[in-house]
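For reference, the structure discussed in these notes is given below.
Numbering (the numbering used here), first residue to last: 162 to 563.
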């Protein structure tokens, strides 16, 4: 670690709130704007990391796995931790990461995602039918929690009427997502791994025509995932495959409620649905931040980074950077083009489930646009205190009939 005194490091006062859960319960974007303007590379003294908030810098770090590694942790909570083997694929660097990706990529090829579309549309339609026009609806509990979990349950072989189990498992994994005691979280994570590995082993013995079988059976150049590696990836799939899409839907629909005219614009021109999903991704930034560790002395925007120092990539800030998105960066625009958001990461760690998330976003918009003329707020929003996932716990909205 660097011997440079904290007092001489830029942005120490501005970066201090980044470890405060209350920041994420409220509105962190004014702080992000100040960081981008005053200290785009800022030092957090409490936990000992650099926070990087500009789009160009976040993208450069994400794609430079030689200088910035994931293997020493991707969360602030992991600073100081070392792993004998990567606990998730997201913690892996090449060549290990390259091997993992080569093994799991076939299960997420475009044809596989397209095959899931009828299931996604049927589940979305059933959930949207439960929404009463004109009445306050908590979109989180009614739509954005159940849909991604039902889809992931389908992939993981969890019975349709037991998707709530996946919800508890996923919540147990995310730091700050719940107030549950550590004992309960640990118990749920053990239960989750036992179930997922057991189901995967069953698919190896009794294959079906589904994504889980492809993951369990896939073989590339004579290699296949070990049981431990398969468990690791299935846990990642469960969490990343529902938490991020959940927040895409919740925060995205809140954006429509807060930006007059955008819903009507989309209803008038349904060809904008794909670009609207991209704007929902940019606006919501489901993953707030991930960490990398400098493998060697380097510089970011003229600031010296020493070997071994953690660097936090704040995606939520990068996705509102005026240098990347112009003067309208702070405006929700369903027709935005180009839209180089970093919601799915960049480079080697680009999200494997991006196509599935985009599909679910399009399907939700289609189902709601078919029924409702407008969407508006109907109460106070409750946000998660997590600095990892841009979580929304409760979002009362009113969907207006034509």
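For every residue, glycine included, the Cβ atom is placed at its ideal position computed from N, Cα and C.
Just so it is clear, the structure is predicted and the values come from calculations on it, not from any experiment.
For the alpha helix (DSSP H) that contains residue i, what are its first and last residues?
| i | result |
| --- | --- |
| residue 218 | 216–224 |
| residue 302 | That residue, residue 302, is in no alpha helix (DSSP H); it is neither H nor E in DSSP. |
| residue 179 | From DSSP, residue 179 is part of no alpha helix (DSSP H); its letter is neither H nor E. |
| residue 410 | 388–419 |
| residue 191 | 190–199 |
| residue 350 | 343–366 |
| residue 450 | No alpha helix (DSSP H) holds residue 450; the beta strand (DSSP E) holding it covers 450–455. |
| residue 441 | 434–445 |
| residue 249 | Element bounds for residue 249: n/a, residue is neither H nor E. |
| residue 263 | 257–265 |
| residue 329 | 324–334 |
Around the Cβ of residue i, are there at least 16 other Cβ atoms within 10 angstroms (buried) or fewer (exposed)?
| i | result |
| --- | --- |
| residue 266 | exposed |
| residue 162 | Residue confidence for residue 162 is low, a pLDDT of 45 falling below 50, so the modelled location carries little weight and cannot support an answer. |
| residue 627 | Because the chain is modelled from 162 through 563, residue 627 falls outside the range shown and cannot be assessed. |
| residue 311 | buried |
| residue 213 | buried |
| residue 446 | buried |
| residue 254 | buried |
| residue 439 | buried |
| residue 544 | buried |
| residue 541 | exposed |
| residue 174 | exposed |
| residue 551 | buried |
| residue 345 | exposed |
| residue 450 | buried |
| residue 367 | exposed |
As a quick exercise: from the options, pick the residue whose alpha carbon is nearest that of residue i.
| i | options | result |
| --- | --- | --- |
| residue 618 | 450, 446, 444, 469 | The chain is shown only over 162 to 563; residue 618 falls outside these bounds and no answer can be derived. |
| residue 547 | 181, 514, 310, 172 | 181 |
| residue 200 | 186, 218, 183, 207 | 218 |
| residue 221 | 282, 490, 424, 503 | 503 |
| residue 186 | 273, 555, 345, 559 | 555 |
| residue 236 | 227, 248, 225 | 248 |
| residue 309 | 562, 190, 520 | 520 |
| residue 280 | 313, 253, 466 | 313 |
| residue 467 | 194, 209, 192, 449 | 209 |
| residue 276 | 475, 315, 453 | 315 |
| residue 560 | 450, 303, 183 | 303 |
| residue 301 | 241, 407, 243 | 407 |
| residue 509 | 241, 224, 192 | 224 |
| residue 432 | 526, 518, 230 | 526 |
| residue 142 | 353, 260, 299, 441 | Because the chain here runs from 162 to 563, residue 142 falls outside it and cannot be looked at. |
| residue 491 | 250, 262, 190 | 190 |
| residue 176 | 183, 412, 193 | 193 |
Can you give me the C-alpha to C-alpha distance between residue i and residue j, rounded to a whole angstrom?
| i | j | result |
| --- | --- | --- |
| residue 531 | residue 357 | 37 angstroms |
| residue 549 | residue 338 | 9 angstroms |
| residue 426 | residue 369 | 43 angstroms |
| residue 424 | residue 496 | 11 angstroms |
| residue 434 | residue 523 | 6 angstroms |
| residue 505 | residue 511 | 6 angstroms |
| residue 391 | residue 420 | 43 angstroms |
| residue 295 | residue 563 | 10 angstroms |
| residue 171 | residue 483 | 21 angstroms |
| residue 278 | residue 285 | 10 angstroms |
| residue 622 | residue 379 | This structure cannot settle anything about residue 622, because the visible part of the chain is limited to 162 through 563. |
| residue 351 | residue 463 | 45 angstroms |
| residue 360 | residue 317 | 8 angstroms |
| residue 430 | residue 444 | 20 angstroms |
| residue 553 | residue 305 | 10 angstroms |
| residue 564 | residue 205 | Not covered by the structure: residue 564. The range shown for the chain is 162 to 563. |
| residue 282 | residue 321 | 15 angstroms |
| residue 291 | residue 257 | 45 angstroms |
| residue 460 | residue 228 | 10 angstroms |
| residue 486 | residue 418 | 22 angstroms |
| residue 398 | residue 465 | 36 angstroms |
| residue 452 | residue 335 | 15 angstroms |
| residue 472 | residue 226 | 13 angstroms |
| residue 385 | residue 264 | 7 angstroms |
| residue 394 | residue 414 | 30 angstroms |
| residue 241 | residue 230 | 14 angstroms |
Since residue i is in the beta strand (DSSP E), which residue starts that stretch and which ends it?
| i | result |
| --- | --- |
| residue 205 | 202–205 |
| residue 465 | 464–466 |
| residue 560 | 557–561 |
| residue 471 | 471–475 |
| residue 291 | First-last for residue 291: undefined, no H or E at that position. |
| residue 538 | 535–538 |
| residue 460 | 459–461 |
(message) Could you check whether the stretch 392–412 touches the stretch 326–335, counting it as contact only if at least three pairs of C-beta atoms, one from each stretch, sit closer than 8 angstroms?
(response) yes
(message) Across the stretch 472–485 and the stretch 533–544, are there enough close Cβ pairs to call them in contact, namely three or more that are closer than 8 angstroms?
(response) no
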